[in-house]
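2 protein chains.
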Amino acid sequence: MNINFKHIAIIGVGLMGGSFALALKAKGFKGKITGVGRSRKNLIKAKKLGMIDDYTTEYADGVKDADLVLLAVPVGRVEIIVKSISRVLKKGAIVTDVGSVKARIVKDVVPLMPEGVHFVGAHPIAGKECSGITCAAADLYLNARCIVTPVSDTDKKALGKIMRLWKAVGATTTLMGPEEHDLVFGAVSHLPHVAAYALVNGIMKVENSILRHGGRGLRDMTRIALSPPELWRDICSFNRKNILKSLKKFSSSLTHLTRLIEKSDWSGLEKEFRKAKEARQDLE
Amino acid sequence: MNINFKHIAIIGVGLMGGSFALALKAKGFKGKITGVGRSRKNLIKAKKLGMIDDYTTEYADGVKDADLVLLAVPVGRVEIIVKSISRVLKKGAIVTDVGSVKARIVKDVVPLMPEGVHFVGAHPIAGKECSGITCAAADLYLNARCIVTPVSDTDKKALGKIMRLWKAVGATTTLMGPEEHDLVFGAVSHLPHVAAYALVNGIMKVENSILRHGGRGLRDMTRIALSPPELWRDICSFNRKNILKSLKKFSSSLTHLTRLIEKSDWSGLEKEFRKAKEARQDLE
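Protein chains in written order, with the numbering used here: chain F, 606 to 889; chain G, 606 to 889.
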């Protein structure tokens with residue numbers, strides 16, 4: 606197993622962090638994994654589940670001997686946590702994350718890194734609408750794509766180590782600039798989440814009690830509306846500009862289809878449906 | 606097996622009609638099933654697959670001895686087909702359908718029924734984005750709900766037989782008026798389809814090449830955009846009023862979320878996300 610780390614501290618042992626720990630163990634990682642978080646109960650559970658070797662609720666204590674620190678917390682908590690740990694980070698350590706927004710994280714976190722400590726941002730495209738340690742799974746990252754987002758002055762060695770790390774847990778890696786990442790995932794991930802929440806609320810406005818009549822199509826389309834509201838609130842805040850841009854395009858597509866239905870322009874409508882179908886066929 | 610029919614003619618041996626035939630056979634139906642359609646090639650395939658006992662491309666021939674006629678064609682073709690077969694329908698025969706829109710179908714078809722022939726509308730909530738005979742499956746209707754939509758002068762005996770028929774192939778039945786059906790499914794089925802097509806087109810407008818970056822969330826949300834465009838064009842035409850109503854509510858929910866993001870009202874946004882999440886939890 607091609608992992609150049611001996612002591613990995615995972616801050617936030619939930620769905621993402623817990624799955625990462627499970628994957629490391631499953632792949633035969635022989636080093637030490639320390640779980641760090643606010644809830645002692647959760648950390649005890651993680652230890653019992655064999656995810657972590659050790660744990661602490663003292664963030665600085667947890668990371669001070671680590672040569673890799675994985676931030677697996679909601680994007681809204683990353684900066685404050687890094688502020689609380691940066692002074693104790695070991696020289697040569699690498700800090701990485703799993704956040705769904707990258708430009709803001711990179712901008713906030715890189716300046717907080719002490720001399721000789723490197724930050725490399727990452728975003729594994731994996732997740733579930735259920736959250737927390739009980740949803741963690743050793744195969745969450747298997748065959749998933751992980752977007753790694755270096756900037757011009759990112760340390761090349763650190764970047765290589767982070768890419769190998771994600772490959773080691775089964776993911777494939779893609780390099781993307783943080784800004785490009787946020788434009789792309791603002792459209793293909795953040796927009797669909799906002800749309801799913803809006804779809805549920807819109808149907809409830811038609812009539813309060815009818816949602817239960819939905820079939821598989823509606824269930825699939827609104828499953829991501831089960832995602833944690835506070836997490837997606839923060840993602841909207843951190844990627845506000847790109848999400849607004851995507852919302853504008855979606856809203857204009859929706860208005861266009863609505864106008865065609867209003868005008869009973871059925872051949873125009875079919876053409877738009879067909880365009881969408883053809884584009885969608887490239888996705889799977 | 607509680608089926609009061611001896612000869613069932615299925616017009617349209619595709620996903621819905623083919624699955625119905627397979628389910629009947631799987632449940633031990635001993636009567637005769639005649640497949641009726643435009644494509645001889647498709648009907649030959651259906652016979653080879655053991656779905657049907659006999660077939661014809663002459664609609665009137667196919668239905669004249671049947672005591673049940675199942676219309677399993679796109680809603681846009683129902684009326685013209687019924688016009689071409691109504692004069693030969695056997696006294697005592699029952700005609701039913703599987704269309705996603707009910708009020709217009711009932712309005713078009715009921716007046717075409719000759720003396721002694723009864724129409725009972727139905728809409729099984731089952732389907733796949735893939736269409737055609739190769740997607741048909743004996744378990745498509747297993748545990749599915751089938752909405753049966755009688756009107757005030759629907760023959761009670763015929764209604765009972767249609768309900769037993771759907772139960773026999775594994776579905777549960779719910780009674781609903783055609784107008785109520787179209788309001789409900791305009792919101793929980795037709796709206797999501799239009800929204801899925803619009804979502805793909807909107808993302809393509811952000812940038813042409815980025816759709817492929819989507820993860821499971823986007824794939825699930827846009828799967829129904831793979832549905833046949835001409836089918837959904839007709840559904841939009843047949844349920845125009847209700848779909849426009851639903852689109853208006855959805856659009857207003859989407860605009861509301863957009864405004865909150867524009868105003869950086871994060872607690873307001875979280876509240877809306879939470880409202881949607883809680884409503885969605887009742888769906889599964």
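Where a beta carbon is used, it is the ideal one built from N, C-alpha and C, also for glycine.
These numbers come from a predicted model, not from an experiment.
Shorter than 8 Å from the beta carbon of residue i to some beta carbon of chain F?
{"i": "Pro797 (chain G)", "result": "yes"}
{"i": "Thr863 (chain G)", "result": "yes"}
{"i": "Asn607 (chain G)", "result": "no"}
{"i": "Asn806 (chain G)", "result": "yes"}
{"i": "Gly775 (chain G)", "result": "no"}
{"i": "Val789 (chain G)", "result": "yes"}
{"i": "Lys707 (chain G)", "result": "no"}
{"i": "Asp713 (chain G)", "result": "no"}
{"i": "Leu620 (chain G)", "result": "no"}
{"i": "Ser624 (chain G)", "result": "no"}
{"i": "Met809 (chain G)", "result": "yes"}
{"i": "Val890 (chain G)", "result": "Outside the displayed range of chain G (606 to 889) lies residue 890 (chain G), so it cannot be described from this structure."}
{"i": "His723 (chain G)", "result": "no"}
{"i": "Asp666 (chain G)", "result": "no"}
Rounded C-beta distance between residue i and residue j? I'm assuming under 8 Å.
{"i": "Leu865 (chain F)", "j": "Glu883 (chain F)", "result": "Between Glu883 (chain F) and Leu865 (chain F) the Cβ distance is about 18 Å, and since that is not below 8 Å, they are no contact."}
{"i": "Pro783 (chain G)", "j": "Thr754 (chain G)", "result": "4 Å"}
{"i": "Cys751 (chain G)", "j": "Leu620 (chain G)", "result": "Incorrect: roughly 15 Å between the Cβ atoms, too far for contact."}
{"i": "Tyr802 (chain G)", "j": "Val774 (chain G)", "result": "Their Cβ separation, rounded to whole angstroms, is 30 Å, which puts Tyr802 (chain G) and Val774 (chain G) out of contact at 8 Å."}
{"i": "Thr639 (chain G)", "j": "Gly667 (chain G)", "result": "5 Å"}
{"i": "Glu867 (chain F)", "j": "Ala792 (chain G)", "result": "In fact, because the Cβ distance is near 18 Å, the residues do not count as touching under 8 Å."}
{"i": "Ile699 (chain F)", "j": "Lys766 (chain F)", "result": "6 Å"}
{"i": "Thr759 (chain G)", "j": "Val725 (chain G)", "result": "6 Å"}
{"i": "Ile608 (chain G)", "j": "Phe634 (chain G)", "result": "6 Å"}
{"i": "Glu720 (chain G)", "j": "Ser832 (chain G)", "result": "That belief does not hold up - the Cβ atoms of Glu720 (chain G) and Ser832 (chain G) are roughly 38 Å apart, past 8 Å."}
{"i": "Gly636 (chain F)", "j": "Ile613 (chain F)", "result": "6 Å"}
{"i": "Glu875 (chain F)", "j": "Glu835 (chain G)", "result": "6 Å"}
{"i": "Ser794 (chain F)", "j": "Leu823 (chain G)", "result": "7 Å"}
{"i": "Ala626 (chain F)", "j": "Ile649 (chain F)", "result": "Not a contact, Cβ separation roughly 14 Å."}
{"i": "Gly617 (chain F)", "j": "Leu676 (chain F)", "result": "7 Å"}
{"i": "Leu816 (chain G)", "j": "Asp659 (chain F)", "result": "About 43 Å separates the two Cβ atoms, so there is no contact after all."}
{"i": "Arg885 (chain F)", "j": "Val805 (chain G)", "result": "5 Å"}
What three-state label does DSSP hand residue i in the structure shown?
{"i": "Thr662 (chain F)", "result": "coil"}
{"i": "Phe634 (chain G)", "result": "coil"}
{"i": "Phe724 (chain G)", "result": "strand"}
{"i": "Pro716 (chain F)", "result": "helix"}
{"i": "Gly822 (chain F)", "result": "helix"}
{"i": "Val641 (chain G)", "result": "strand"}
{"i": "Pro729 (chain F)", "result": "strand"}
{"i": "Val703 (chain F)", "result": "coil"}
{"i": "Val668 (chain F)", "result": "helix"}
{"i": "Ala742 (chain G)", "result": "coil"}
{"i": "Ile690 (chain F)", "result": "helix"}
{"i": "Ala830 (chain F)", "result": "helix"}
{"i": "Ile710 (chain F)", "result": "helix"}
{"i": "Ile657 (chain G)", "result": "coil"}
{"i": "Leu673 (chain F)", "result": "strand"}
{"i": "Ala881 (chain G)", "result": "helix"}
{"i": "Lys815 (chain F)", "result": "First, the amino acid is wrong: residue 815 (chain F) is Ile here, not Lys. DSSP places Ile815 (chain F) in coil when its eight states are reduced to three."}
{"i": "Ala698 (chain F)", "result": "coil"}
{"i": "Ile848 (chain F)", "result": "helix"}
{"i": "Ile608 (chain F)", "result": "coil"}
Could you tell me whether any Cβ in chain G is nearer than 8 Å to the Cβ of residue i?
{"i": "Val693 (chain F)", "result": "no"}
{"i": "Asp702 (chain F)", "result": "no"}
{"i": "His612 (chain F)", "result": "no"}
{"i": "Tyr746 (chain F)", "result": "no"}
{"i": "Leu676 (chain F)", "result": "no"}
{"i": "Leu823 (chain F)", "result": "yes"}
{"i": "Leu780 (chain F)", "result": "no"}
{"i": "Ser869 (chain F)", "result": "yes"}
{"i": "Thr662 (chain F)", "result": "no"}
{"i": "Glu784 (chain F)", "result": "no"}
{"i": "Met768 (chain F)", "result": "no"}
{"i": "His728 (chain F)", "result": "no"}
{"i": "Gly633 (chain F)", "result": "no"}
{"i": "Glu875 (chain F)", "result": "yes"}
{"i": "Ser644 (chain F)", "result": "no"}
Fill in: Start-end ranges of the alpha helix (DSSP H) lying completely within the region 744-802 of chain F, minimum 4 residues
761-773 and 783-790
Worksheet item: At a Cβ cut of 7 Å, what residues of the region 832-846 of chain G count as close to chain F, listed as they run along the chain?
Response: Going along the region 832-846 of chain G in chain order, one finds Pro834, Glu835, Trp837, Arg838, Cys841, Ser842 and Arg845 with a Cβ nearer than 7 Å to chain F.
Fill in: Residues of the region 730-745 of chain F with Cβ closer than 9 Å to any Cβ of chain G, in chain order
Ile730, Ala731, Gly732, Lys733 and Glu734
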